[in-house]
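Take a look at the structure set out below.
Structure, rendered in structure tokens:
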């Protein structure tokens, strides 16, 4: 297998600027909506600034549940604030580009959030990809994260921190 070309998307019941803030916060390590599948940590710079690097850990059984941990580094290559964040996977178990795209809907009250993942497995993941459907697992985790993002952003204001 050469790699993955996966597009996952969902509609979030929040304006694009609110979704953008949640996305950037998650990449800074907030661990509020992509958990239990993925956690993120800023390695250098900032995730929403060109050249910033984020360490990504995929927890195959969930955070603190044991299991294989797949790690890779995403370097930001392009930013359109509030609309698009483009990264390049440069180290670890994936190589290749990825995009996070936000599209305002319904006069700005809702947002389509899209992740376009084009990672190629590298190292131990290249072997694992021969026996496991990594693409399906990626989509399952991403779509679950988008559901969690929507739930986080639509909870009553009293429970929301921003």
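In this note's numbering, the protein residues as written are 863 to 1024.
Note that CB positions come from ideal geometry on N, CA and C, so glycine has one too.
| Asked | Found |
| --- | --- |
| Those runs of the beta strand (DSSP E) which lie wholly inside the segment 889 to 961 and span at least 3 residues | 900 to 906, 915 to 921, 931 to 942, 946 to 954 |
| Buried or exposed (CB count within 10 angstroms, at least 16 for buried), residue 864 | exposed |
| Three CB pairs or more closer than 8 angstroms across the segment 886 to 897 and the segment 864 to 877 | no |
| Residue 919 and residue 901 closer than 9 angstroms at C-beta | yes |
| Outcome for residue 947 when other beta-carbon atoms lying within 10 angstroms are tallied against a minimum of 16 | buried |
| Own chain, CB closer than 7 angstroms to residue 912, minus 5 neighbours either side, in chain order | 938, 939, 940, 941 |
| Contacting residues, own chain, Cβ-Cβ under 6 angstroms from residue 951 (five flanking each side not counted) | 934, 936, 957, 958, 981 |
| Top-ranked residue by Cα proximity to residue 875, from 896, 968, 894 | 968 |
| Length of the line joining the Cα atoms of residue 974 and residue 1012 | 11 angstroms |
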